[in-house]
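What follows is a set of notes on a single structure, which appears directly below.
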Amino acid sequence: MKKTLVVFAHPYLEHSNSNVELINFYVRHQHFTLRDLYEDYPDFHIAAFRERKRLNNYERFIFQFPIIWFGMPPLLRLWIDEVFDRDWLKEGEYNPLEGKEVYILVTTGGKERSFAKTGTYKYTIDELISGLIVSLNVFKANIKNIKIVYEANKLTKKEIILHKKEFMELLNQ
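According to UniProt numbering, the sequence shown holds residues 1 to 173 in order.
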């Protein structure tokens, strides 16, 4: 199993049964390192150098977060702004994201049909998180899958476990 860094950002985790259940898997498995940005950086002061150094130690990355006001949580956006380094794109510089597998797991309270071009919001989840997708593409990461869990706040324990199982199967492909 690949050594995996989970970059998790949820500002209201205490109100999210689905995310709590989903992240419990990482804690119980030695190949996963869970970094809860809201726990690590409650003051929003990110240790960018330390975070960049940490990225070097992993073969795969998971970004897990809820949609907050039609985008990524603010601390995740800040983490990307401060940790991703344009110098990685220079000739001869080591890029810790290049060629690495990346999975994105997004939760939302909204219905799937609401996040369609013809839906309530007129934008897809991929469009709402395009900043992350473009950033990962610029740094030549290999985005393997974007899993979206709709109506996460209404899921039963059984449905959450099913989503978790599906996601773990994606990671094992």
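Note that beta-carbon positions come from the ideal geometry of N, C-alpha and C, so glycine has one too.
State the DSSP-derived secondary structure class of PHE61, mapped to helix, strand or coil. Walking along the sequence shown from the start, residue 61 turns up at place 61. Of the three classes helix, strand and coil, the one that applies to PHE61 here is strand, per DSSP.
Using the beta-carbon count (16 or more within 10 Å), is LYS157 buried or exposed? Locating residue 157 in the sequence shown gives position 157, counting from the first residue. Classification of LYS157: exposed, given that the 10 Å Cβ count is below 16.
Should LEU89 go down as buried or exposed, given a rule of 16 or more other Cβ atoms within 10 Å for buried? Here residue 89 is taken as the residue at index 89 of the sequence shown, counted from 1. With a threshold of 16 other beta carbon atoms within 10 Å, LEU89 falls short and is exposed.
Of the choices PRO11, LEU55 and GLU51, whose alpha-carbon is the least far from that of THR107? Position 107 of the sequence shown, counted from the start, is the residue given in the question as residue 107. Ranking the options by Cα distance to THR107, first place goes to PRO11.
Assign PHE167 to one of two classes, buried (16 or more other C-beta atoms within 10 Å of its C-beta) or exposed (fewer than that). If you number the sequence shown from 1, residue 167 lands on position 167. Answer is buried; the Cβ neighbour count reaches 16.
Go ahead and pull the three-state DSSP assignment for PHE49. Position 49 of the sequence shown holds residue 49. Three-state result, PHE49: helix.
Ignore the nearest five residues each way along the sequence and tell me which others in PHE139's own chain have a CB closer than 8 angstroms to its CB. For the purposes of this step, residue 139 is taken as the residue at position 139 of the sequence shown. The answer, listed in chain order, is PHE84, TRP88, LEU89, ASN95, LEU97 and GLU98.
In terms of alpha-carbon separation, which member of ARG60, ASN172 and GLU159 lies closest to LEU22? Locating residue 22 in the sequence shown gives position 22, counting from the first residue. Minimum Cα-Cα distance from LEU22 among the listed residues ARG60, ASN172 and GLU159 corresponds to GLU159.
Based on DSSP bridge pairs, tell me the residues matched to GLY71. The count along the sequence shown starts at 1 and reaches residue 71 at position 71. Paired residues: ILE68.
Which one of ARG77, GLY109, LYS164 and GLU151 has the shortest CA to CA distance from residue 179? With the chain covering only 1 through 173, there is no way to say anything about residue 179.
Could you say which of PRO73, GLY109, ASN142 and GLY110 lies nearest to TYR103 if we only look at CA atoms? For the purposes of this step, residue 103 is taken as residue 103 along the sequence shown, with counting starting at 1. The candidate whose alpha carbon is nearest that of TYR103 is ASN142.
Could you check how far apart the C-beta atoms of LEU128 and ILE67 are, in whole angstroms? I think they sit under 8 angstroms. On the sequence shown, residue 128 is found 128 positions in, with the first residue counted as 1. On the sequence shown, residue 67 is found 67 positions in, with the first residue counted as 1. Their Cβ separation, rounded to whole angstroms, is 6 angstroms, which keeps LEU128 and ILE67 in contact under 8 angstroms.
From the DSSP output, read off the bridge partner residues of LYS117. Walking along the sequence shown from the start, residue 117 turns up at place 117. LYS117 pairs with nothing; no bridge assigned.
Just the Cα atoms here: how many angstroms apart are SER18 and LEU155? As a working mapping, residue 18 is identified with position 18 in the sequence shown. As a working mapping, residue 155 is identified with position 155 in the sequence shown. A straight-line Cα-Cα distance of about 7 angstroms links SER18 and LEU155.
ASP36, enclosing alpha helix (DSSP H) - first and last residue: Working through the sequence shown from its first residue, we reach residue 36 at position 36. Here ASP36 belongs to no alpha helix (DSSP H); instead the beta strand (DSSP E) covers 32-36.
Thinking just about the alpha-carbon of each residue, which of GLU112, THR33 and GLU39 is nearest to the one in TYR58? Counting from one through the sequence shown, the residue named residue 58 turns up at place 58. The shortest Cα separation from TYR58 among GLU112, THR33 and GLU39 belongs to THR33.
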